[in-house]
Amino acid sequence: MLSEDEKEKTPPSVMTSIPDDVIMECIAPRVPRYNHSMLSLVSKQFRSLVASPRLYKTRSLLGCTEDCVYVLIEDCILEVARWYSLNRRTKRNMPGTVENRLVLISSLPPMPTAASYVVVGSNIFVMGGRYDWNVEEWEAQPPSSIALCIDCRTHTTRLVADMPVGLMTNVSKVIDEKIYIVGRVWASATIVEFDLRTEKWADGTKPGWEADDRWLTSLSTTAGRGPSSFENNCDHKLMEDILMDKEEIKHYHLFDNECVMGNILYVYDRHKYILRTYDPKQRTWGVVKGLEKLPLGGDESYIVSRGKMLILFLIVVLEYDDDASFQKRELWCAEITVERREEGEIWGKVECCDLLLEGGLIIGSCLVVTL
1 MLSEDEKEKT PPSVMTSIPD DVIMECIAPR VPRYNHSMLS LVSKQFRSLV
51 ASPRLYKTRS LLGCTEDCVY VLIEDCILEV ARWYSLNRRT KRNMPGTVEN
101 RLVLISSLPP MPTAASYVVV GSNIFVMGGR YDWNVEEWEA QPPSSIALCI
151 DCRTHTTRLV ADMPVGLMTN VSKVIDEKIY IVGRVWASAT IVEFDLRTEK
201 WADGTKPGWE ADDRWLTSLS TTAGRGPSSF ENNCDHKLME DILMDKEEIK
251 HYHLFDNECV MGNILYVYDR HKYILRTYDP KQRTWGVVKG LEKLPLGGDE
301 SYIVSRGKML ILFLIVVLEY DDDASFQKRE LWCAEITVER REEGEIWGKV
351 ECCDLLLEGG LIIGSCLVVT L
């Protein structure tokens with residue numbers, strides 16, 4: 001142990017002697033975000049810089065932003081829903097080989113289920129849903145009206161104005177700086193809007209908009225950022241075209257979710273264990289070829305795009321039970337690159353496929369935030 005005199009003689013490390021401006025302009029913005037926690041361990045100086053809003057502005061100016069994947073995992077055994085971040089790293093002792101892992105964001109509180117999760121800039125808005133896990137009481141108790149905002153830069157939360165009515169089983173869309181949410185109150189559906197500038201709520205019903213089961217089961221998506229289900233929206237039109245295809249409408253219920261990348265819509269068919277495509281210009285369906293390495297038996301799935309890659313989450317049920325909390329489940333994550341070949345076929349390549357978690361779990365939501 002160093003004496004006080006020895007401590008005074010100990011020179012500062014090279015890293016801590018670097019001026020803040022150099023760190024902020026040259027070093028920190030270029031460090032991948034999943035390494036920020038390690039960078040913050042260097043010193044208090046680094047810790048404060050990593051949490052600074054200025055860092056993210058600099059990252060944007062330098063073109064160093066990243067698509068960060070957030071996954072809400074519902075643990076049916078512990079009866080809790082928590083946010084995780086998907087971190088990509090090089091495997092130890094295997095240079096050039098990458099793997100994905102889920103990291104619990106411990107600073108964020110437990111989340112509701114069946115809520116609306118909306119990405120706006122660097123924030124995730126969480127609105128409505130259920131905080132109680134006793135399904136038998138759901139018919140007697142209305143959904144929550146609590147709304148909160150998660151700052152993904154600092155992983156902190158703040159409450160915003162309560163919803164005018166509690167909603168669950170929601171779909172949502174950001175239009176003209178307003179969040180429109182369609183959800184259920186008891187057996188009926190309703191639309192509310194949240195003004196992002198004033199942070200006030202209002203009735204979201206517009207002429208020609210109907211809140212019915214069509215909206216609550218819509219698959220429409222904008223670049224993997226969340227469901228969209230309103231008129232005058234190109235993605236709603238895209239899904240409307242799909243549903244008008246009588247040959248394919250019978251497969252509609254087989255798709256858990258979808259994302260759009262490069263003007264092509266991708267959906268995972270959980271019954272045939274294949275990744276389907278839909279080209280809105282050609283109005284044709286196809287299948288991504290070359291994905292034989294995907295784990296079979298994806299009973300549930302979630303797909304988003306991160307940069308030029310598709311991120312496919314698959315839950316494989318190993319042992320079935322009527323109660324999900326007693327099922328033995330595995331959560332897998334596959335990184336897939338795709339390319340269109342000369343003959344027009346879309347081929348995929350599984351860059352990596354990793355087992356992330358095991359247990360009685362469900363994917364509550366999956367979002368991509370650019371930071």
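By the UniProt record's numbering, the letter at position 2 of the sequence shown is numbered 2, and the numbering carries on one by one without gaps. Built from N, CA and C at the ideal position, the CB exists for glycine as well.
- For Y266, no alpha helix (DSSP H) segment is defined; the enclosing uninterrupted segment is the beta strand (DSSP E) at I264 to D269.
- In this structure the segment 152-164 lies against the segment 188-208, because at least three pairs of beta carbons, one per stretch, are closer than 8 Å.
- Looking at S188, I336, V182 and P164, the one whose alpha-carbon comes closest to that of E199 is P164.
- When rounded, the separation of the alpha-carbon atoms in D203 and I175 is 15 Å.
- Going by beta carbons, I336 and L310 fall inside the 8 Å limit.
- Taken through DSSP and simplified to helix, strand or coil, L61 comes out as helix.
- Here L55 is buried, its C-beta having at least 16 other C-beta atoms within 10 Å.
- Contact check for V119 and V369: beta-carbon distance about 6 Å, within the 8 Å limit, so the pair qualifies.
- Assigned with DSSP and collapsed to three states, S172 falls in strand.
- Counted as a single uninterrupted DSSP element, the stretch harbouring N134 is not any beta strand (DSSP E), since DSSP gives it neither H nor E.
- The C-beta separation of V288 from W347 comes to about 7 Å, placing the pair in contact by the 8 Å criterion.
- Here P110 has V80, A81, R82 and Y131 as same chain residues with Cβ atoms under 8 Å from its own Cβ, once five neighbours each way along the sequence are excluded.
- About 6 Å separates the beta carbons of Y180 and S172, which is inside the 8 Å limit, making them a contact pair.
- Taking 8 Å as the cut-off, the beta carbon of I150 is found closer than this to the beta carbon of N123.
- Of the residues assessed, N100 falls on the buried side of the cut-off, its CB having 16 or more other CB atoms within 10 angstroms.
- In the DSSP assignment, E330 falls within the unbroken beta strand (DSSP E) covering K328 to R340.
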